[in-house]
Amino acid sequence: MVSGVQIVRDLIYLYMIILIARALLSWFPMHAGSPLVPVVRALDRLTEPVLYPIRRVLPPLRAGGMAIDLSIIVAIIALEIIASLI
């Protein structure tokens with residue numbers, strides 16, 4: 007039988023996969039006609055409530071002409087810590 011704790015851990019790990027998928031898809035340019043646009047929008051809606059507060063505290067790092075967003079890494083580390091404490 008699956009316990010409530012295991013369900014919560016599984017949901018945390020599922021959310022981490024969603025965060026990683028968002029990060030990977032952000033590396034590819036999306037144009038309006040792309041079939042992945044709805045997927046990217048759904049991932050944005052699922053992850054932005056967690057990532058936005060992190061970005062307010064830790065803005066993206068400027069590296070030359072680009073910015074490195076560390077919010078996904080911080081969120082994954084925090085979720086990993088929460089999962090290990092449960």
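Mapping of the sequence shown onto this note's numbering: residues 7 to 92, in sequence order.
Where a beta carbon is used, it is the ideal one built from N, C-alpha and C, also for glycine.
{"query": "Taking 7 Å as the line, does the beta carbon of Arg28 fall inside it for any heavy atom of the ligand GDP?", "result": "Of the ligands one can find in the structure shown there are none, so the ligand GDP has no counterpart to examine."}
{"query": "With which residues is Ala69 paired in a DSSP beta bridge?", "result": "Met72"}
{"query": "Under 8 Å: do the segment 85-92 and the segment 10-25 share three or more Cβ pairs, one atom per stretch?", "result": "yes"}
{"query": "Only counting the same chain, and skipping five residues up and downstream in sequence, which positions put a Cβ closer than 7 Å to that of Ser77?", "result": "Leu57, Ile60, Arg61, Leu64"}
{"query": "How about Asp26 and Leu49: are their beta carbons less than 8 Å apart?", "result": "Looking at the sequence itself, residue 26 is Ile, so the reference to Asp does not match. Not a contact, by the Cβ cut-off of 8 Å."}
{"query": "Over the uninterrupted alpha helix (DSSP H) stretch that includes Ala38, give me the two end residues.", "result": "Note, Ala38: premise wrong, no alpha helix (DSSP H); not H, not E."}
{"query": "Give me the Cβ distance between Ile79 and Pro66, rounded to the nearest whole Å; I'm assuming they're in contact under 8 Å.", "result": "With a Cβ gap of about 12 Å, Ile79 and Pro66 do not count as contacting."}
{"query": "Following the continuous alpha helix (DSSP H) through Leu31, name the residue where it begins and the one where it ends.", "result": "10-31"}
{"query": "Relative to the C-alpha of Leu42, which candidate in Ala84, Arg28, Glu54 has its C-alpha closest?", "result": "Arg28"}
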